[in-house]
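Peer 1: Got a structure for you, questions after.
Numbering (this note's numbering), first residue to last: 33 to 261.
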């Protein structure tokens, strides 16, 4: 690796330190806790019809049993925060981000941030190629690619050679929730929101999206393929 790329890689790594630190564990969104089971089930069903991966959990408080209505689990708190905002925009009166309980059977949607968008960045891939980007930070240029497993900083100078990838067995789609773009997985019925943001690519089971000021990779858990929220 040249000195220039070593500096670029270091800068990019430092750029993501604060974000990566928030990706340990998982985060869900709680909308309400009700005493009535049927009401809680209906509330969760209504949210699922709107595209949110909602579910119910039982909890005891002061000797009384409540039924929580929660939405999803995201590996990054920022993802849960964004979904809470979508819920509050027209689907729930309250939406509080909470730690994902270890006892919950729901697996988390992985959100892996590739880079925070600098002033200068460019997508360098076509359909059928691994998502690859040119980013410039503090006068240094680096190329970042998602190979279907993880983000990598490419070595070498000049435009990288495209990496051909198999077409996804079932592509994700971009939709809209409360006026904001979001990525949906159609493998369940109804479709399920997996990631806030604008869909710009896919490699295998990983969706690549522009969300707020970042380019992120979103991977739903295997349960989504079985039609489970």
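We put the beta carbon where it would ideally sit given N, CA and C, even for glycine.
Could you tell me the distance, in whole angstroms, from the CA atom of residue 160 to the CA atom of residue 253?
Peer 2: Cα-Cα distance, rounded: 23 Å.
Peer 1: Could you have a look at residue 110 and say whether DSSP puts it in helix, strand or coil?
Peer 2: Three-state result, residue 110: helix.
Peer 1: Hey, how far is the Cα of residue 64 from the Cα of residue 111?
Peer 2: Their backbone Cα atoms lie some 19 Å apart in a straight line.
Peer 1: Sorted by chain position, which residues of the same chain lie with C-beta nearer than 7 Å to residue 76's C-beta, five sequence neighbours on each side aside?
Peer 2: Hits under 7 Å: 86, 87, 88 and 101.
Peer 1: Compute the distance between the beta-carbons of residue 115 and residue 103, then report whether it is under 9 Å.
Peer 2: Yes, Cβ-Cβ distance for residue 115 and residue 103 is below 9 Å.
Peer 1: Would you list, in sequence order, the uninterrupted beta strand (DSSP E) runs of no fewer than 3 residues that lie entirely inside the segment 174-210?
Peer 2: Segments of the beta strand (DSSP E) lying fully in the segment 174-210: 183-185 and 205-209.
Peer 1: Residue 169 bridges to which residues according to DSSP?
Peer 2: Answer is 172.
Peer 1: Closer than 6 Å by C-beta to residue 205: which residues in its own chain qualify, once you throw out the five before and the five after it? Chain order, please.
Peer 2: Excluding positions up to five away in sequence, the list reads 216.
Peer 1: Short of 6 Å in beta carbon distance, which residues of its chain neighbour residue 175, apart from the five on each side in sequence? Order them along the chain.
Peer 2: Excluding positions up to five away in sequence, the list reads 166, 186 and 192.
Peer 1: Could you tell me which of 81, 119 and 151 sits nearest to residue 220, measuring between CA atoms?
Peer 2: When each option's Cα is compared against that of residue 220, the closest is 81.
Peer 1: Is the segment 232-245 touching the segment 188-202 in the sense that three or more CB pairs, one from each, lie closer than 8 Å?
Peer 2: The segment 188-202 vs the segment 232-245: in contact.
Peer 1: Quick one: what's got a C-beta closer than 6 Å to residue 228's C-beta in the same chain, skipping five residues either side?
Peer 2: Only 114, 214 and 243 meet the Cβ criterion.
Peer 1: Use the C-beta contact count for residue 131: other C-beta atoms within 10 angstroms, 16 or more gives buried, fewer gives exposed.
Peer 2: Exposed, by the Cβ-count rule.
Peer 1: Spatial neighbours of residue 178 within its chain, please: C-beta separation below 7 Å, excluding the five flanking residues on both sides.
Peer 2: So the qualifying residues of the chain are 146, 162, 163, 235, 238, 240 and 249.
Peer 1: Per DSSP, residue 66 is paired with what?
Peer 2: Per DSSP, 99.
Peer 1: Rounded to the nearest angstrom, what separates residue 151 and residue 224 at their Cα positions?
Peer 2: C-alpha separation (whole angstroms): 32 Å.
Peer 1: For the beta strand (DSSP E) containing residue 125, name the first residue and the last one.
Peer 2: Looking at the DSSP string, residue 125 is not in any beta strand (DSSP E), and its letter there is neither H nor E.
Peer 1: Exposed or buried, residue 68, counting other C-beta atoms within 10 Å across all chains shown (16 or more means buried)?
Peer 2: Under this definition residue 68 is an exposed residue.
Peer 1: Tell me which residue opens and which closes the beta strand (DSSP E) that residue 228 is part of.
Peer 2: Where residue 228 is concerned, the enclosing beta strand (DSSP E) stretches over 224-228.
Peer 1: Please list, in chain order, all residues of the same chain as residue 91 whose beta carbon is under 7 Å from its beta carbon, the five residues on each side excluded.
Peer 2: Hits under 7 Å: 65, 98 and 100.
Peer 1: Judging by CA-CA distance, which residue of 59, 180 and 123 is the nearest neighbour of residue 139?
Peer 2: Closest by alpha carbon: 59.
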